[in-house]
Amino acid sequence: MGFNEPTEEDTCDYGLFLLQKLLNESSRSLEDFEMPTPQRDWTAAVVNPLIAEQLAYNQAEERERAATNVERMNPEQ
Numbered sequence: 085m086g087f088n089e090p091t092e093e094d095t096c097d098y099g100l101f102l103l104q105k106l107l108n109e110s111s112r113s114l115e116d117f118e119m120p121t122p123q124r125d126w127t128a129a130v131v132n133p134l135i136a137e138q139l140a141y142n143q144a145e146e147r148e149r150a151a152t153n154v155e156r157m158n159p160e161q
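Per the working numbering, residue 85 is the first one in the sequence shown, and the count goes up by one each step.
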């Protein structure tokens with residue numbers, strides 16, 4: 085969540101946000117079940133899995149690959 089010491093209220097609110105997100109996938113909402121809605125917009129706190137996947141590369145391996153490819157280049161490249 086990006087919080088060092090979230091309060092119990094923050095934890096509950098984030099849980100409601102996650103539930104709302106899951107329910108929205110089924111065209112439902114917390115209101116359909118007479119539950120409270122999250123008070124915060126936690127969207128920025130949730131990591132985009134596609135971005136996380138792209139950032140999870142092996143840096144040492146990519147450095148080595150780049151060095152190898154640079155050696156193969158001719159002066160015009």
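Just so you know, even glycine gets a beta-carbon here, dropped at the ideal spot from N, CA and C. From a predicted model like this one, the values you see are computed outputs, not experimental measurements.
Here the C-alpha atom of Met-157 lies approximately 15 Å from the C-alpha atom of Glu-148.
By the CB criterion at 7 Å, Gln-104 and Leu-114 fall inside the cutoff.
In the three-state reduction of the DSSP assignment, Tyr-98 falls in the helix class. In the structure shown, the three-state DSSP call for Glu-137 is helix. Each residue's CA atom was taken as its position, placing Asp-125 and Leu-100 some 11 Å apart. In this structure, DSSP gives Asn-108 a helical state, which the three-state scheme calls helix.
Annotation: Thr-127 to Gln-161 spans about 43 Å, alpha carbon to alpha carbon.
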